[in-house]
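To start, the structure under review is shown below, and the notes come after it.
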Amino acid sequence: MADIQKMIQGKKLTELDEQILKYIVDNIDHVLQMGVREIAKENYTSPATVIRLSKKLGYKGFVDMYYQLLPLIKKVELEQDGQSAFEQGQSALQYNSKENIGKFIENVLHLNEKFIFIYATGFSSIIAEYMYKKLLVLGKKAIFATGTDSIGVFENNLDDVGALIVISKSGETKQVIDKLFLAKEHGIFTVSFTKETENTAAGLSDLNLKITDQYKLDDRNMLPNLFFPNVLILFEYMIKEYFQQIK
Numbered sequence: 001m002a003d004i005q006k007m008i009q010g011k012k013l014t015e016l017d018e019q020i021l022k023y024i025v026d027n028i029d030h031v032l033q034m035g036v037r038e039i040a041k042e043n044y045t046s047p048a049t050v051i052r053l054s055k056k057l058g059y060k061g062f063v064d065m066y067y068q069l070l071p072l073i074k075k076v077e078l079e080q081d082g083q084s085a086f087e088q089g090q091s092a093l094q095y096n097s098k099e100n101i102g103k104f105i106e107n108v109l110h111l112n113e114k115f116i117f118i119y120a121t122g123f124s125s126i127i128a129e130y131m132y133k134k135l136l137v138l139g140k141k142a143i144f145a146t147g148t149d150s151i152g153v154f155e156n157n158l159d160d161v162g163a164l165i166v167i168s169k170s171g172e173t174k175q176v177i178d179k180l181f182l183a184k185e186h187g188i189f190t191v192s193f194t195k196e197t198e199n200t201a202a203g204l205s206d207l208n209l210k211i212t213d214q215y216k217l218d219d220r221n222m223l224p225n226l227f228f229p230n231v232l233i234l235f236e237y238m239i240k241e242y243f244q245q246i247k
């Protein structure tokens, strides 16, 4: 457990402030969803007191305090656990069957006449661009778009798209959900790479490939996480299986 004494040194906090901070640290995996009002209620105080605490500690507000404390607390937990996810060597194949891998090869990698459309935003777009370039060197027709591109990039090519690949760690990115709905309306085969737990994108996709997300509340991707590397490992594994088939 993180030592709050290092956090409060020289901050002139009251006993109530220290109590609230300890509560936040002890419940770091849940406090963002709880919100200021619920935290205040659990500590028999007002939301204003929680906000003042964040200001006393030098943060802009509660949300800023949460995202600044999160990596510090998780770093301590990893050190105390003595075995991180990296050391455990979690496999990208853990949640994905041979049947699903075969489905990806059949409906995506064997496409010849139509385009494979790849869409992602944020960090996911880095992985999506890699997939796009990989498919191009394999001689596949591919289109790559991100959240900064016009929606028309997808809409104007619907008749020529045979498969849509989306990447979303949370599986709840609105732009990704919109693309999946549109693709389903036009009978386009859809593939999503998401976290391993239930999410909207997974439910909408014809094929959902699951990757372990070690920190599901880390929306900013501040903590060390194997999600994105494992997406690439799984993708390359499926490329390998595809080559074995065509040979």
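Take the sequence shown: its letters are residues 1 to 247, numbered as in the UniProt record's numbering.
Where a beta carbon is used, it is the ideal one built from N, C-alpha and C, also for glycine.
It should be emphasised that the depicted structure is a prediction, and the values quoted were computed from it without experimental measurement.
Helix, strand or coil at residue i [DSSP, three-state]
| i | result |
| --- | --- |
| residue 140 | coil |
| residue 194 | strand |
| residue 221 | coil |
| residue 18 | helix |
| residue 171 | coil |
| residue 49 | helix |
| residue 33 | helix |
| residue 94 | coil |
| residue 151 | coil |
| residue 9 | coil |
| residue 57 | coil |
| residue 130 | helix |
| residue 237 | helix |
| residue 43 | coil |
| residue 215 | coil |
| residue 226 | coil |
| residue 100 | helix |
| residue 123 | coil |
Outcome for residue i when other beta-carbon atoms lying within 10 angstroms are tallied against a minimum of 16
| i | result |
| --- | --- |
| residue 228 | buried |
| residue 53 | buried |
| residue 10 | exposed |
| residue 197 | exposed |
| residue 119 | buried |
| residue 69 | buried |
| residue 205 | buried |
| residue 135 | buried |
| residue 226 | buried |
| residue 164 | buried |
Close-in-space but distant-in-sequence residues of the same chain around residue i (CB under 8 Å, 5 per side omitted)
| i | result |
| --- | --- |
| residue 104 | 191, 207, 209, 238 |
| residue 64 | 54 |
| residue 123 | 169, 221, 228 |
| residue 177 | 200, 201, 204 |
Residue i - partner residues in DSSP beta bridges
| i | result |
| --- | --- |
| residue 209 | 193 |
| residue 117 | 143, 164 |
Same chain only: Cβ atoms within 6 Å of residue i, ignoring 5 sequence neighbours per side
| i | result |
| --- | --- |
| residue 17 | 53 |
| residue 162 | 111, 114 |
Cβ shell of residue i (< 7 Å), same chain only, five flanking positions each side left out
| i | result |
| --- | --- |
| residue 129 | 144 |
| residue 31 | 24, 39, 66 |
| residue 100 | 207, 209 |
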